[in-house]
Structures are given as structure tokens and as C-alpha cells.
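Accompanying notes for the structure given below.
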């Protein structure tokens, strides 16, 4: 895997070439996934109304799942009683310096001064990789001298977050390990909240991630509401429906013994999703608690958002292809959980291809002059209305269960651009498919300020 740091000046002259390369990838994938099926249908004079019905049904199924998860998210997960015992705790913050040097001290000071610690031993480890020693290292050394519980850990030879985590986990002394990215500010009582679950038989607790810079620009406004949907509704619904969850990479709490049984794979673009699937298939118990809140920073630019989402899309595809069968073979999951994980992984990928076939259907119907009956027009029109209504209803559920108050403009923007945003993410997935096919794995670091 090649790790690339964003350098605005050096990449600026290459921007037209980069846009051209992205457009070429999209066109090639559309040619394969839409053009070839269209040519085949035209050559065989196939009536593609059945395809139109199939795609519309898939859209309705997806809308139904979104609404079902939104409604299910209104149900609370029974919280176990507080434990009378307190664990020893290790906080691990992962960073790539110099990328996060402007904010890492704020994060460390937040954990040291704001987060409530148990009376038992605790430690804070900054696990980072860096190409060279930086001025920030002097400040980290001063902080370590002033606070014996803090330990900066430079992982020599590391080129990934996964390698930083693996080394930090090996040297961690706590029974409870709390994992955070460099921009995350966890809640005051996160340790006690997480320990309620871990002391009652769970191995991993995933908290809720909330965007801190939620009104900085158009990107942060969209992402802030999107994250409320992901962490406030979908992740919570997953725990209610299937008694499972996904480790999201940060604001996560592991029993140390369980985490040491696993490892983070440096060759995965989404090492968090990879370890989630492997851990679940081995019988580790996951839960999502949306009351354990950590704030983070949304990408500051469209380019940063694109690079982040392309990596996520390619990483999810990679994990799906590698581990879907592993889940079905697992003796630790019931049939319902296996079906739900299949929906989460495989259906997610298949829908990207299936949704594009609406263009195949429309193109062939136009070229072959296929007549559409009034009843078919009514069905297709109703499907479009239901899809639009689903986005609005879904946003109302997000607002009802938001972690914090957002400006009305954020919700209006998210509702108005929802399907455009979804379509854009679909095209990002196409680019991810292309890069996966040609075995291109660039991890472009998301700039943090």
C-alpha cells in the first residue's frame, strides 16, 4: 500500500490531469456496467421493462431498509448496570506527523485534563509515525516530563495506522484500551460508560462520532448530518436488530485481552472494518452505544473528502470480497446476523452496480422505442416519489435523535442535496472498483488542521 501525503502546492499543477484520470475511470466503468448490457439488450431486441422493474424494486427495498433502520433506532438498547469495579485504562491516540501536528496537543490535553479517569492505574500513549523529528516532538517530550502517565511512542519503520496500533497495543498495560484518532475529543465519562458493557460480557464498544466543525463550509455541513445518520441511527439500529456493531476506527473501547487476540492488517485500506469482520466471525461481542460521544473534524475540502471516501469505498469492497464467506462459515453467528452482515457488506456493493442499470433500461427503452403502459408509468413514478420522500423522512429521524443541535441550514442542505450526495458516492464507488481491479492502493492522508 502506498501512503501519499496531500501537498497542495505540488499537486496543484496536476489537478487537470487528476480530474481527467478520475473521469476516465468513471467512463470506463460506466462503459462496462451500462454500455455493454445496453448493447447486448439492443442486439437481442430485449424488452428491458423487466430490468426497470427490477431496479425500481431494489430502490424500494433499499428505501424500506432505511426507514426500518430509522424506526428501529428509536428503540433503546438496554444498558447493563454500572460495574462496581474499575479497570486499569490505556488511552491510545494514533497520529501521522506532521499531518496532525497542529491539533495533536489539543487532543492530548483534552484527554489528560477533561476525561474522567478511574482511580486505578491509567496511561495515555501517542502512537505515531513520522519521517523525521519535528519541532512538535520537543513539546511532546515536555508534556511527557510533566505528566508521567503520558508516553509518546514513535513507531519506527511504520507506514500505516495499523502498524502504529499493533505496537501500541503490545505495550499497553490497561485492561481497557480506548482507541482514538488524532482529531477526536472523547466525552468526559467515556471510560465509565464503556466499562458498563465490557464488564458485562462485551468485548468491543463503539461510540458515536460527531462532527465538531459542523458549520465551517458546505462539506462539513453535509458530513455533520451524514454522521448523525450513520452513528445516531444506522449503527444503533444494527445493535438493536442483530446484536452486533462495527468498529469504526476511533472512539472505540476494547477489552485488552480481546484486542490482543486480533491484529490490525497494514495492507487493508480500512483496517477497522477488516478487524471488525474478523473479530465478529470469531465470536467477539460488539455493541454500539450512541451516548458515548466523541467529536472529530470533517474533511476541510472537497478533494480531501473525495480521497477519504474513495479509500473507504475501496476498503469496504476489499473486506467484502475477502470476508463475506468467512461470516457465513462462522459458528458464532446466527442466521439473522449472517443475513444482516450480508446486507451490510455484499448488498451494499451490489446495489452500486444494480442502481446503474436504470440507465441501461432507460437507454434501451428509448432506442428500441419500447412502449411503457400507464400502470408501469404509475409504478415507476411512485418509486421516484417514495425515494424522495424517504430522504426527507430519514432526515426528520436524524433531527429527532441528533447528538447536538445543528443550524437549520445543515438539515436543509442535507435534504436538498441528499440524492445528489448519494449519487456522488456511487460514482466514488465506481472509481474504487476500478482501482481495486487494477490493484491500485493509494492511502492519501486527510489533511488535519
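Numbering (the numbering used here), first residue to last: 970 to 1418.
C-beta: ideal position from N, C-alpha, C; glycine also.
Beta carbon of residue i nearer than 8 Å to that of residue j
i            : j            : result
residue 1273 : residue 1397 : no
residue 1318 : residue 1203 : no
residue 1035 : residue 1201 : no
residue 1151 : residue 1064 : yes
residue 1403 : residue 997  : yes
residue 1246 : residue 1296 : yes
residue 1174 : residue 1248 : no
residue 1147 : residue 1160 : yes
residue 1261 : residue 1371 : no
residue 1049 : residue 1166 : yes
residue 1275 : residue 1216 : no
residue 1205 : residue 1375 : no
residue 1105 : residue 1060 : no
residue 1333 : residue 1011 : yes
residue 1405 : residue 1291 : no
residue 1257 : residue 1227 : no
Where residue i sits in the DSSP three-state scheme
i            : result
residue 1239 : coil
residue 1059 : strand
residue 1404 : helix
residue 1155 : strand
residue 1032 : helix
residue 1146 : strand
residue 1119 : strand
residue 1181 : coil
residue 1124 : coil
residue 1413 : strand
residue 1207 : helix
residue 1065 : strand
residue 1375 : coil
residue 1221 : strand
Among the options, nearest to residue i - alpha-carbon criterion
i            : options                : result
residue 1031 : 1048, 1402, 1356, 1153 : 1356
residue 1020 : 1341, 1390, 1360, 1275 : 1341
residue 1187 : 1390, 1406, 1069       : 1390
residue 1251 : 1307, 1205, 1415, 1314 : 1307
residue 1112 : 1080, 1289, 1335       : 1080
residue 1168 : 1305, 988, 1052, 1370  : 1052
residue 1028 : 1050, 1156, 1199, 1354 : 1354
residue 1343 : 1018, 1205, 1002       : 1018
residue 1074 : 1231, 1057, 1121, 1033 : 1121
residue 1141 : 1090, 1178, 1115       : 1090
residue 1125 : 1116, 1096, 1143       : 1096
residue 1210 : 1043, 1379, 1410       : 1043
Cα-Cα separation between residue i and residue j, rounded to whole angstroms
i            : j            : result
residue 928  : residue 1399 : The question about residue 928 has no answer here: the residues shown for the chain are numbered 970 through 1418.
residue 1401 : residue 994  : 9 Å
residue 1123 : residue 1270 : 29 Å
residue 1208 : residue 1077 : 30 Å
residue 1092 : residue 1359 : 46 Å
residue 1259 : residue 1383 : 21 Å
residue 1299 : residue 1100 : 41 Å
residue 1219 : residue 1320 : 27 Å
residue 1241 : residue 1233 : 8 Å
residue 1302 : residue 1041 : 21 Å
residue 1024 : residue 1284 : 26 Å
residue 1013 : residue 1312 : 33 Å
residue 1415 : residue 1130 : 13 Å
residue 1279 : residue 1196 : 17 Å
residue 999  : residue 1289 : 22 Å
residue 1325 : residue 1001 : 11 Å
residue 1189 : residue 1265 : 11 Å
residue 1155 : residue 1071 : 18 Å
residue 1128 : residue 1236 : 10 Å
residue 1328 : residue 1003 : 7 Å
residue 976  : residue 1238 : Confidence at residue 976 is low in this model, with a pLDDT of 45, below 50, so the placement of that residue should be treated as unreliable; the coordinate-derived value is given next. For residue 976 and residue 1238, the distance between alpha carbons rounds to 20 Å.
Extent of the continuous alpha helix (DSSP H) run through residue i
i            : result
residue 1159 : 1159 to 1167
residue 1343 : 1343 to 1369
residue 1271 : 1271 to 1298
residue 1172 : It is not in any alpha helix (DSSP H) - residue 1172 carries neither H nor E in the DSSP assignment.
residue 1098 : Here residue 1098 belongs to no alpha helix (DSSP H); instead the beta strand (DSSP E) covers 1091 to 1098.
residue 1230 : 1225 to 1230
residue 964  : Nothing about residue 964 can be reported from this structure: the residues present for the chain run from 970 to 1418 only.
residue 1304 : 1304 to 1311
Element boundaries [beta strand (DSSP E), containing residue i]
i            : result
residue 1259 : 1255 to 1265
residue 1000 : Unbroken run through residue 1000: none, as it is neither H nor E.
residue 1083 : It is not in any beta strand (DSSP E) - residue 1083 carries neither H nor E in the DSSP assignment.
The ligand FAD heavy atom lying under 7 Å from the CB of residue i
i            : result
residue 1065 : Within the structure as shown, the ligand FAD is missing, as the structure has no ligands at all.
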